[in-house]
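Step one of this worksheet: look at the structure below.
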Amino acid sequence: MRRLVLIAVPYLWLLALFLVPFAIVLKISLSDTALSIPPYAPTLDFSAGWEGIRSFFAELDFDNFVWLTQDDLYWKAYLSSLSIALVSTAITLLVGYPIAYGMARAPEEWRPTLMMLVILPFWTSFLIRVYAWMGILSSEGFLNQLLLWVGIVDEPLTILNTNTAVYIGIVYTYLPFMILPIYAALDRLDGSLIEAAEDLGCSRLTAFWLVTIPLSRNGIVAGCFLVFIPALGEFVIPSLLGGSGTLMIGKVLWEEFFSNRDWPVASAVAVVLLLILVIPIVLFQRNQQKQAEADQ
Amino acid sequence: MPETVFAPWSDPDARPLIRFQNVTKRFGDFTAIHDLTLDIFEREFFALLGPSGCGKTTLMRMLAGFETPTSGRIELAGKDIVPVPPNKRAVNMMFQSYALFPHLSVWDNIAFGLRRDNMAKDAIDRRVDEMLKLTRLGRFARRKPHQISGGQRQRVALARSLAKAPKLLLLDEPLGALDAKLRQDTQFELMDIQEKTGTTFVIVTHDQEEAMTVASRIAVMDQGEVIQIATPDKIYEEPESVYVADFIGDVNLIEGRASAHGEGRFRIDWAEGQQPLIAASRLEFAAGQQCHLAIRPEKIAISAERPSDADNAVQGRVHDIAYLGNLSTYHVELPTGAIVKAQTANTRRISRRDFTWEDPVWLSWTATAGVLLAN
Amino acid sequence: MNRLSWFNTVSLTLGFAFLYIPMIILIVFSFNESKLVTVWAGFSTRWYGELMQNQAFLSAAWVTLKVAVFSSTIATVLGTMAAYVLVRGGRFMGRTLFSGMIYAPLVMPEVITGLSLLLLFIGIGLDRGVLTIVLAHTTFSMCYVSVVVSSRLVTFDRSLEEAALDLGCSPIQAFGLVTLPIIAPAVISGWLLAFTLSLDDLVIASFTSGPSSTTLPIKIFSAVRLGVSPEINALSTIMIGIVTVGVITASLVTKRASIRQRREEQEAARA
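Chains as they are written, first to last, in the working numbering: chain A, -13 to 282; chain B, 8 to 382; chain C, 413 to 683.
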């Protein structure tokens, strides 16, 4: 009895506030836009009984999804989101790996402090961390002032409101998600393995390539997914740092909903985004499971 | 006044404290306990002995109430306790990991169960102090579990489980986490406390020496069944099966065919061209029946000449010598290729040992030294 | 331990500079006299003063705090229950669906979570306001809480609970007297995580808030969309300051506690 209550309360909460809303999104994505409140048709009319439900299902169609393929805004936005997420994940890995490596090789007594320094930004507001770059990247911002003063450039670069700024923003805000799993993998790595490789004739670099990298692979994979998955649906970074030319699907969805008030299309955009995300999420889960099994 | 021997199991009128009746426990397809029937009497120190996975822990967890039997009945003092939840049973358990509450002091750990009974405060105080005295923990009452040593933790766990004066105390591998030396001392301490409190103890262990030392009776278990229940000496001297003989202590097993050889004696033909062996047995064996002669190494004498009066004597060559300090075990290879172990006490210094590698020797034993077992 | 090689020193220095310089610049310019955030014109706390006068920010901060306290508290209760069910519940109907629903919100894009919740609230005719934000925040942060708590519960020695039952506790007493005090640090960090997530959330709050219930991130977002402003810098500095003090204190406290525990264990082993 008690067990039932224990299971039922969180279960029902999630059903009502996670699964049902998602079913609604799915349903609205199959509806048509209408100039009414709510701005879509059909609406489910239970008072009409079975007949109402039948006619309701009869009116659902895939028009919105067809629309997504016809207007090139959408598929361009999906492709551009994928490419931005992919490129920034790669950059984050290149930036994050040396930091994680340095942390794992740092003296034992420094490591908790270094860990804390990596986690600290995670606790500070995401919005503030993105905002911080607005002041740095603007044409009269800190970075341009520095570059002009050093003499690398003659006139200020336009970085803010370009894709470059978006890359910088994603790398900056998601860096801790890349560092932590890689650090965890490297920290567990037995130092004598490297020594054994060197003893067997590897140079430092080949030992790193043949031993360290493969053994930290799970951390790398986990880190990449942890950056890639949220970056794909990112909204704040493209809307603050990106420009009018920056197409990201999270921003498109937002505008479709708030500016165009086209709920069915916004819902269809969400459904497709989720379908795209299923692949990396499943791969990520599998990686985590393999990791957990390896730990046992 | 002659002391009466404590042996309620041989008294047909004695009523057991615990009675397992045809208890079976299955986990999915796996049968952990198979149709088990077992009596445990009041004031007993009862040991469940067996290899890991034999079902001894499941048996104990059924007594504590953490598992319910799939079928069968478990009685405590005549009442079926299967439907009673663990917190309502007059049974307490000492856990293998001790399971001391890390956020509570030693004192509060011991008082934990008493508080659940809504005992008066001064009664709790008295009882906890009594327990602290019994386990010699008075100095550590205010410490937290991580601030005391392993041996002290073990005593806190014991005090905590004894505090409620249970009818039955269950001990799950209670000494498993202690080192060998501390374990021996603690075994005697456990026996002492059991005697003082008069509580019935059921101990689960895979350590046969521990079971032999502390227990009044031992149940040897294997694959969910009880193989033999007897006092430690009976288990050692009169095992009823090859499994028990082999599981407890060191044993030589000689396979052969039995045939009658006078009153209560049998002749065992065990190898071509070898003289048959003679063994006494209360069991009956048909002529030519397959049997095993189980004989302990310390019951076999080793000598250079053939002893004239021995019931059994075989010749062999010293193949290996295991020097154990107080004892030496000679591994003697017989002409058949079989190895027989013989053990002697090292009463003399090692340099004056009589035999060395490759020496021809005679092994001999009496007809009553071994046990003849059917398969 | 060997000293750091030059490569590691350089990568750590550059890495942490990258992580921290933007925030340091942000903080420095919050004390700038000038309204132009990029030109230094002398030290001043003027923007902090103006921030304190800004009613819109103050009321948004109040809404945010209310939402965060309520949602993180409910999320902690629900998340702990969910963790307990996942780790200890054994098998039950729809267990896979349940664990799926616990993990999915962690990887769900915020725009989708926000959109779907908004459509639900409209569908059932619930007026958007503090209540709807609390419901939305509770839903996604309970999943984070349950991940934090279940990772602690997995390593929890089950015999401790059995010992409590054995000594006469009802299952609820065993949870309250033994399990909860021991997993308390994980529950507290779960609460803190939920609290911070709620404080920070912009996207989901934007979808689920009404006109009367603007939260601080929504306010900040609409302000910074128009460009950089020193008032926002001042606000950010205050928020960064609170978090920094909190995180450093927490890590010092846990570090001290673990050092003490280790020392006491060593002493006990020697005795």
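We put the beta carbon where it would ideally sit given N, CA and C, even for glycine.
From a predicted model like this one, the values you see are computed outputs, not experimental measurements.
- Straight-line measurement puts the Cα of C/Val546 at about 14 Å from the Cα of C/Leu532.
- Membership of B/Glu82 in the beta strand (DSSP E) is indicated by the continuous run 78 to 83.
- Residues Ser562, Leu565, Val566 of the same chain have their beta carbon placed closer than 7 Å to that of C/Val499, with the five preceding and five following residues left out of the count.
- Scanning chain C for C-beta atoms nearer than 7 Å to the C-beta of B/Met100 yields Asp578, reported in chain order.
- A/Val11 and C/Val657 have their C-alpha atoms spaced approximately 41 Å apart.
- Short of 6 Å from the beta carbon of B/Asp192, and not among the five residues preceding or following it, lies no beta carbon of its own chain.
- In chain order, Leu579, Gly580 make up the part of chain C whose C-beta sits under 7 Å from the C-beta of B/Gly120.
- About 6 Å separates the Cβ atoms of B/Asp229 and B/Gly57, confirming a contact at the 8 Å cut-off.
- A/Pro93 counts as exposed, since fewer than 16 other beta carbons sit within 10 angstroms of its beta carbon.
- Judged by pairs of C-beta atoms under 8 Å, the stretch 488 to 502 of chain C touches the stretch 549 to 558 of chain C, as three or more such pairs exist.
- If you draw a 10 Å sphere on the C-beta of C/Thr666, you find fewer than 16 other C-beta atoms in it, and that means exposed.
- The three-state reading of DSSP puts A/Tyr26 in strand, counting E and B together.
- The beta strand (DSSP E) runs of length 3 or more contained entirely in the stretch 237 to 274 of chain A do not exist; there are none.
- Within chain B, the C-beta atoms nearer than 9 Å to that of C/Leu572 come from Phe102, Ser104, Ala106, Leu107, Phe108, Pro109, in chain order.
- Rounded to the nearest whole angstrom, the C-alpha separation of B/Leu111 and B/Met138 is 17 Å.
- Taken in chain order, the members of the stretch 470 to 503 of chain C whose beta-carbon sits within less than 7 Å of a beta-carbon on chain A are Leu490, Met493, Ala494, Tyr496, Val497, Gly501.
- Three or more beta-carbon pairs drawn from the stretch 244 to 264 of chain A and the stretch 45 to 52 of chain A are found closer than 8 Å, and the two stretches are therefore classed as touching.
- Between C/Tyr460 and the set C/Leu477, C/Val479, C/Val440, the nearest pair of CA atoms involves C/Val440.
- Only those residues of the stretch 597 to 622 of chain C whose C-beta falls short of 7 Å from the nearest C-beta of chain B would be listed, and there are none.
- Near chain C, meaning a CB-to-CB distance below 9 Å, no residue of the stretch 311 to 341 of chain B qualifies.
- In the DSSP assignment, B/Pro367 is bridged to B/Arg324.
- Per the Cβ contact rule, the stretch 123 to 141 of chain A is not in contact with the stretch 202 to 219 of chain A (fewer than 3 Cβ pairs under 8 Å).
- Here the C-alpha atom of A/Pro(-4) lies approximately 14 Å from the C-alpha atom of C/Ser483.
- Just measuring C-alpha positions, the residue of B/Asp124, B/Phe48, B/Gln28 sitting nearest B/Thr77 is B/Gln28.
- Listed along chain A, the residues sitting closer than 8 Å to C/Thr450 by beta-carbon distance are Gly121, Ser124, Glu126, Gly127, Phe128, Gln131.
- When DSSP states are grouped into helix, strand and coil, B/Val347 belongs to the strand group.
- Straight-line measurement puts the Cα of B/Gln281 at about 53 Å from the Cα of B/Ile200.
- A/Pro(-4) belongs to the set of residues whose beta carbon lies under 7 Å from a beta carbon in chain C.
- Taking the Cα of B/Ser266 as reference, the smallest distance to any Cα among B/Glu279, B/Gln297, B/Leu260 is reached at B/Gln297.
- Chain-order list of chain A residues neighbouring C/Lys667: Pro98, by C-beta distance under 8 Å.
- Around the beta carbon of A/Arg247, a 10 Å sphere encloses fewer than 16 other beta carbons of the protein chains shown; the residue is thus reported as exposed.
- If you draw a straight line from the Cα of A/Val6 to the Cα of A/Asn273, it is about 29 Å long.
- A/Trp195 counts as exposed, since fewer than 16 other beta carbons sit within 10 angstroms of its beta carbon.
- Within the model, the alpha-carbon separation for A/Thr192 versus C/Val422 is close to 21 Å.
- Remark: C-beta atoms of C/Thr620 and C/Thr544 approach each other more closely than 7 Å.
- In the structure shown, B/Lys306 adopts helical secondary structure according to DSSP, grouped into three states.
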